[in-house]
Amino acid sequence: MMEIPEAAKLWKRALQAEWPGVRWSVRSAPRGWFTVITAWEDGPTAEAVSVFCQAWKTVYPDAATWVSDSGLRRGYSPAGYATAIEAITCDIPDMPIPRTPDGGLDIRAAHAQTWRGPVKVAGQFYGHDHVYDLVAVVEMVAGDHDYTKAEQAAN
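Residue numbering for the sequence shown follows the working numbering, starting at 1460 and increasing by one per position.
So, in structure tokens, the structure goes:
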């Protein structure tokens, strides 16, 4: 069976080949976790990476033991948050989303504010008639956005 460092290197090369414009961080989890943690900012959705991971595991079954969906960690840059916020405010103009000077999400202030009601953005329904903190709303919308497709359309 393949060891974690070797599996992590192979996995990172596969991710870089599939999504060349995305910066990937692939490392071993803390001791005792026996998995590979994969992190990236913006880029493809976690669902797209998960689907790619399943296909990759069929090609590299020895490495498959170490790479799993539970190790996927997607983050968002200020520009990534700004894209999601613009989509939200376009469809829900009265939602008060606090922003940083560079247009990103002011996470501390957003955790202190809530939104009650359904969340429907760009024709997609994200939430029911519940109370959400604004960070949760923005991350629901951002999590569904594939930034690699937006970058390709811009070029």
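Ideal Cβ positions, reconstructed from N, Cα and C, are used throughout, including at glycine. Keep in mind that this is a model prediction, so the values were computed, not measured.
Here DSSP, grouped into helix, strand and coil, assigns Thr1497 to strand.
For His1570, the uninterrupted alpha helix (DSSP H) run begins and ends at 1566-1571, by DSSP. With a 10 Å radius around the Cβ and a threshold of 16 neighbouring Cβ atoms, Asp1561 comes out exposed. Residue pairing by DSSP places Phe1584 opposite Lys1579 in a beta bridge. Ser1536 carries a coil assignment under DSSP once its states are collapsed to helix, strand and coil.
DSSP, reduced to helix, strand and coil, places Gly1530 within a strand of the structure shown.
Its chain contains Gly1502, Pro1503, Thr1607 as the residues whose beta carbon lies nearer than 7 Å to that of Trp1478, once the 5 sequence neighbours on both sides are disregarded; these appear in chain order.
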